[in-house]
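*Asks:* Numbering (this note's numbering), first residue to last: 344 to 536.
Next up is a structure, given as structure tokens.
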Ligand code: SIN
Ligand code: FE2
């Protein structure tokens with residue numbers, strides 16, 4: 344957990360984020376089971392994580408526009424690389440940044456990030472906006488979870504023996520963030536291939 348690690352990148356991140364979402368707007372995707380997620384998502388990078396009735400996958404194109412996802416901004420890449428290096432994962436070169444938008448009440452149930460081929464690379468997760476309770480468990484869904492409060496600028500990195508740990512986000516509490524408004528944005532950087 345790198346508290347406040349993203350703060351020095353703040354303005355660049357927010358400006359870059361604005362550009363991305365004008366090209367690839369947030370959308371609430373459906374799980375293979377047909378459930379519509381409460382979290383709205385988009386991506387940047389050479390692949391994006393998508394889910395629909397056919398399953399989960401990394402797609403080089405945005406299915407909404409059939410165009411490539413917006414490129415990963417240099418500030419995103421630098422932040423992810425520096426955060427990973429800080430805890431011992433040197434040379435982290437993510438191809439994907441999944442961008443999650445939580446409004447009050449939105450949540451993410453416990454899951455593993457296991458659609459990536461290279462499980463040697465960590466996941467780097469950056470929180471912006473309203474605080475959230477991040478649940479971090481073990482290798483089984485039923486394992487006890489630890490609760491971490493993630494605030495604007497916090498970065499969480501998990502890898503190595505924790506790479507496939509179950510994790511999720513509790514329903515977002517209502518509030519108003521001075522920079523980001525009534526929402527939480529989470530960036531997760533992944534090496535997909
Ligand atoms: C995720 O697991 O992809 C998102 C985690 C978060 O929003 O903090
Ligand atoms: Fe995840």
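Here a beta-carbon is modelled for each residue, glycine too, at the ideal position from N, C-alpha and C.
Predicted model only: the values in this text are computed from it and were never measured.
Starting from residue 478, trace the alpha helix (DSSP H) both ways and give me its first and last residue.
*Replies:* Note, residue 478: premise wrong, no alpha helix (DSSP H); beta strand (DSSP E) at 475 to 479.
*Asks:* Any idea if residue 482 is buried or exposed, counting beta-carbon neighbours within 10 angstroms, 16 or more meaning buried?
*Replies:* So residue 482 counts as exposed.
*Asks:* Considering only heavy atoms of the ligand FE2, list every residue whose Cβ is less than 6 Å from one of them, following chain order.
*Replies:* Those residues are 454, 456 and 510, given in chain order.
*Asks:* With respect to the beta strand (DSSP E) encompassing residue 391, which residues constitute its N-terminal and C-terminal limits?
*Replies:* Here the beta strand (DSSP E) through residue 391 covers 391 to 395.
*Asks:* Does the beta carbon of residue 531 come closer than 7 Å to any beta carbon on chain B?
*Replies:* Within the model displayed, chain B is absent; a lone protein chain is all it includes.
*Asks:* When you compare the CB positions of residue 509 and residue 492, do they come within less than 7 Å of one another, or not?
*Replies:* No; because the gap between Cβ atoms is not below 7 Å, this pair is not in contact.
*Asks:* Taking the straight line between their C-alpha atoms, what separation do you get for residue 401 and residue 395?
*Replies:* Their backbone Cα atoms lie some 12 Å apart in a straight line.
*Asks:* From the DSSP output, read off the bridge partner residues of residue 467.
*Replies:* Residue 467 is bridged to 500 and 532.
*Asks:* Using C-beta distances below 8 Å, list every residue in its chain close to residue 525, excluding the 5 sequence neighbours before and after it, in chain order.
*Replies:* Once the five neighbours on either side are set aside, the close Cβ partners of residue 525 are 446, 447, 473, 517, 518 and 519.
*Asks:* If you draw a straight line from the alpha carbon of residue 495 to that of residue 404, how long is it in whole angstroms?
*Replies:* Between residue 495 and residue 404, the C-alpha separation is close to 29 Å.
*Asks:* For residue 521, which of 385, 507 and 471 has the nearest alpha-carbon?
*Replies:* If we check each option's Cα against that of residue 521, 471 comes out closest.
*Asks:* Taking contact to mean 3 or more Cβ pairs, one atom from each stretch, closer than 8 Å, check whether the segment 426 to 433 and the segment 459 to 467 are in contact.
*Replies:* As far as the Cβ criterion goes, the segment 426 to 433 touches the segment 459 to 467, which means the pair count is three or higher.
*Asks:* Hey, is the segment 437 to 457 in contact with the segment 379 to 397, meaning 3+ C-beta pairs nearer than 8 Å?
*Replies:* Yes, the segment 437 to 457 touches the segment 379 to 397.
*Asks:* Beta strand (DSSP E) containing residue 491: first to last residue?
*Replies:* Looking at the DSSP string, the run of the beta strand (DSSP E) that includes residue 491 is 489 to 493.
*Asks:* Quick one: measure Cβ to Cβ for residue 413 and residue 423, integer angstroms, because I've assumed they're closer than 8 Å.
*Replies:* Not quite, the Cβ-Cβ distance comes to about 16 Å (not below 8 Å), so this is no contact.
*Asks:* Take residue 407 as the anchor and find which of 523, 416, 357 and 392 has the nearest alpha-carbon.
*Replies:* Taking only the C-alpha atoms, the option nearest residue 407 is 392.
*Asks:* Within 6 Å: the Cβ of residue 394 and any heavy atom of the ligand SIN?
*Replies:* Checking every heavy atom of the ligand SIN against the Cβ of residue 394, none is found closer than 6 Å.
*Asks:* Which of the three DSSP states, helix, strand or coil, is assigned to residue 350?
*Replies:* Of the three classes helix, strand and coil, the one that applies to residue 350 here is helix, per DSSP.
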